[in-house]
Amino acid sequence: MKLHELNVTMPYLELEAEFHDKTDISPLKNPFLISCSSDAAEILDVDIDGHEDLLVKIMNGEAHFNGSEPFSMCYAGHQFGYFVPRLGDGRAINLGKTESGWNLQLKGAGPTLYSRQGDGRAVLRSSIREYLMSEAMCGLDIATSRALALIGSDHDVARERWEKGAVVLRMSTSWIRFGTFEYFFSKQQFDKLEALADYTIAESYPHLKGHEDAYFLMFEELVDRTALLLAKWQGVGFNHGVMNTDNMSISGLTIDYGPFAFLDDYDFDYICNHTDTNGRYAFGQQPNVAQWNLSMLMKALSPLVNIERMQEALEKYGDIYTNYYMEFMRKKLGFLIEAQDDASVLRWLFGIMQQEQIDYNYFFRQLSRYDGDKTVLLALCKLEQPLSDWLDHYEIRLAKEDSKTKARHKQMLVTNPKYVLKNYMLQYAIDKANRGDYGGVEELLTLARAPFDEHPEMESFAGISPKSVKNLKLSCSS
Ligand code: AMP
Ligand code: MG
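In terms of my numbering, the sequence shown opens at residue 198 and continues consecutively.
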């Protein structure tokens with residue numbers, strides 16, 4: 198369908214007034230289209246080609262989807278462990294829901310009722326990051342919000358220095374957060390809490406609709422979805438950076454991309470977020486933090502569901518996570534069968550990677566072609582012996598498998614990405630964009646869409662990260 202034929206409905210506005218606030222979009226000065234994701238357009242079944250002007254107008258509040266009544270959502274959340282009773286979409290404005298179930302949302306389109314001291318804007322650099330990363334996570338088969346398009350502008354936005362404002366049109370099957378439930382729990386508005394649970398079930402757990410135990414089953418399934426999500430984050434080496442409960446999706450998706458990073462060198466303790474001085478959201482902490490966040494949600498759901506039952510479901514999180522994670526890592530290692538000592542083999546490898554500062558994703562990609570010749574892998578180490586010993590053991594372990602080397606390589610090459618959007622790569626696209634050249638965004642979008650494929654023209658991004666820019670920390674200001 199053509200873009201102007203896309204209709205939206207506003208089911209969230211049917212919830213009571215406290216859930217949301219109708220919001221005007223504040224246009225940016227001289228907006229222009231930087232990039233549009235053809236994959237995201239395809240899942241919306243819209244044709245953007247030839248309709249770019251309308252898309253820019255919609256993203257800048259100068260045109261509307263049929264049926265749209267822009268609004269922002271109210272929520273609370275635990276930020277770095279401390280409860281903040283009222284947050285809400287400070288710079289996100291919802292445009293409505295498509296028939297296919299995508300909630301469209303602008304990020305950076307101006308202040309809302311929930312902006313507090315913020316300006317409701319997003320700068321170009323952070324918008325490029327969110328736009329590309331949403332599509333990259335999808336390319337890696339990780340549950341995520343998506344991004345349809347990115348616009349830039351001449352609009353000045355004050356951060357540490359003046360920067361240009363931008364808007365991402367993001368889309369998600371749900372924008373409801375753990376913190377949305379926490380808001381109504383903390384206000385003791387249990388009827389609204391129930392209405393929110395019913396809304397969530399209809400939106401994200403439709404198979405539970407009408408079930409007498411629906412609220413408990415929703416929580417139980419979310420424990421599972423979150424464990425799977427975290428297993429995948431850890432497996433690909435993704436550090437979210439701000440796992441506050443207001444950034445945790447009730448549907449088990451990756452949302453709210455901020456100072457995130459992919460690991461360059463493997464580092465269990467890596468902290469991508471500059472403001473996270475205590476490492477609460479360090480890479481290796483993420484699975485535990487997700488469980489803590491689920492426990493906050495559990496408390497918020499306690500007026501609706503027996504807390505002991507939820508506690509029991511939550512206690513299973515660790516095992517569920519480990520099962521998903523080991524399943525994922527076995528695939529990365531090329532193991533089809535389970536062996537008892539797989540976890541210790543993996544721990545052994547991580548010890549070496551941590552010590553030798555080995556690039557995480559590059560290692561697994563190289564391992565995907567391992568045929569007994571250790572040269573390429575040992576070249577990653579200062580001290581070769583530990584990895585050489587591990588590879589000897591790896592070969593013994595592989596011997597337990599029925600699969601032939603060629604078949605194993607084939608499977609590993611579609612499991613271990615050749616390209617992940619490391620921060621230095623995103624910075625390359627941002628630096629170019631700041632000079633008015635948006636070609637880097639398109640280049641990285643190509644890699645984001647097909648991370649397991651060969652892209653010979655972009656081979657330089659497939660290697661280990663340059664020393665001067667690896668495992669850096671990022672500022673939250675965006
Ligand atoms: P985050 O951790 O980036 O998802 O943001 C935490 C909270 O701060 C959310 O409620 C955001 O909407 C809000 N926020 C962040 N940046 C801004 C901004 N520039 N203007 C208004 N609100 C903001
Ligand atoms: Mg957020």
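Glycine included, every Cβ here is placed at the ideal spot set by N, Cα and C. As the structure is a prediction and not an experimental result, all values here were calculated from the model.
Candidates the options: which alpha carbon is nearest residue i's?
{"i": "E639", "options": "F649, M655, D650 and E651", "result": "M655"}
{"i": "H217", "options": "R356, T309 and F262", "result": "T309"}
{"i": "I290", "options": "R527, N620, R367 and V439", "result": "R367"}
{"i": "N263", "options": "P282, E296 and G274", "result": "E296"}
{"i": "G285", "options": "L393, D246, G376 and K667", "result": "G376"}
{"i": "L337", "options": "T643, A497, I661 and Q551", "result": "T643"}
{"i": "I240", "options": "K254, E332, H248 and A487", "result": "E332"}
{"i": "A346", "options": "G307, Q386, D388 and L251", "result": "L251"}
{"i": "P456", "options": "L405, M440 and F465", "result": "M440"}
{"i": "E266", "options": "M207, F277 and R374", "result": "M207"}
{"i": "C469", "options": "A479, D351, D462 and S600", "result": "A479"}
{"i": "H471", "options": "W299, S323 and L671", "result": "L671"}
{"i": "K361", "options": "I325, Y514, N475 and V253", "result": "I325"}
{"i": "S499", "options": "G481, A394, G307 and N620", "result": "A394"}
{"i": "I214", "options": "V205, Q386, S312 and S492", "result": "As written in the sequence, residue 214 is Ala, which differs from the Ile given in the question. Nearest option by C-alpha distance: Q386."}
{"i": "R318", "options": "D351, T341, I339 and R343", "result": "D351"}
{"i": "Y402", "options": "L390, P484, E417 and L212", "result": "E417"}
{"i": "T341", "options": "E327, I348 and V354", "result": "E327"}
{"i": "M495", "options": "F378, D461 and D634", "result": "F378"}
{"i": "G438", "options": "Y467, G548 and M550", "result": "Y467"}
{"i": "Y621", "options": "P663, R632, M609 and M507", "result": "P663"}
{"i": "L530", "options": "F547, Y514, N444 and I517", "result": "F547"}
What span of residues does the beta strand (DSSP E) with residue i cover, start to end?
{"i": "L292", "result": "A289 to T295"}
{"i": "C233", "result": "F229 to C233"}
{"i": "W359", "result": "W359 to S369"}
{"i": "A355", "result": "D353 to A355"}
{"i": "Q302", "result": "N300 to K304"}
In three-state DSSP terms, what is residue i?
{"i": "Y279", "result": "strand"}
{"i": "E654", "result": "helix"}
{"i": "I534", "result": "coil"}
{"i": "M677", "result": "There is simply no residue 677 to check, as the chain begins at 198 and stops at 675 in what is shown."}
{"i": "L241", "result": "helix"}
{"i": "H404", "result": "helix"}
{"i": "Q563", "result": "helix"}
{"i": "S446", "result": "strand"}
{"i": "A510", "result": "helix"}
{"i": "R374", "result": "strand"}
{"i": "R343", "result": "strand"}
{"i": "L577", "result": "coil"}
{"i": "D516", "result": "helix"}
{"i": "V666", "result": "helix"}
{"i": "H217", "result": "strand"}
{"i": "I398", "result": "helix"}
{"i": "N204", "result": "strand"}
{"i": "L284", "result": "coil"}
{"i": "K226", "result": "coil"}
{"i": "M440", "result": "coil"}
Please classify residue i: is it buried, with 16 or more other beta-carbons within 10 angstroms of its beta-carbon, or exposed?
{"i": "K429", "result": "buried"}
{"i": "N227", "result": "exposed"}
{"i": "V676", "result": "Since the first residue of the chain shown is 198 and the last is 675, residue 676 is not available in this structure."}
{"i": "L292", "result": "buried"}
{"i": "T397", "result": "buried"}
{"i": "W359", "result": "exposed"}
{"i": "A604", "result": "exposed"}
{"i": "T572", "result": "exposed"}
{"i": "G432", "result": "buried"}
{"i": "T612", "result": "buried"}
{"i": "Y279", "result": "exposed"}
{"i": "M256", "result": "buried"}
{"i": "G633", "result": "exposed"}
{"i": "E139", "result": "The question about residue 139 has no answer here: the residues shown for the chain are numbered 198 through 675."}
{"i": "I593", "result": "exposed"}
{"i": "F532", "result": "buried"}
With respect to the alpha helix (DSSP H) encompassing residue i, which residues constitute its N-terminal and C-terminal limits?
{"i": "S585", "result": "Q582 to A596"}
{"i": "S492", "result": "Q483 to L498"}
{"i": "E249", "result": "E249 to M256"}
{"i": "F547", "result": "D539 to E553"}
{"i": "I325", "result": "L321 to G336"}
{"i": "M415", "result": "A411 to V433"}
{"i": "L501", "result": "Neither: L501 is in no alpha helix (DSSP H) and is coded neither H nor E."}
{"i": "V638", "result": "G636 to R646"}
{"i": "Q608", "result": "T602 to L610"}
{"i": "N631", "result": "N620 to N631"}
For chain B, find out if any of its Cβ atoms is closer than 8 Å to the Cβ of residue i; answer yes or no.
{"i": "S446", "result": "Any reference to chain B falls outside this structure, which holds one protein chain only."}
At a threshold of 7 Å, does residue i count as lining the ligand COA (C-beta to nearest heavy atom)?
{"i": "R313", "result": "With respect to small molecules bound, the structure shown includes the ligand AMP and the ligand MG and not the ligand COA."}
Checklist entry - In chain order, what residues place their C-beta within less than 5 Å of a heavy atom belonging to the ligand MG? => result N444 and D453
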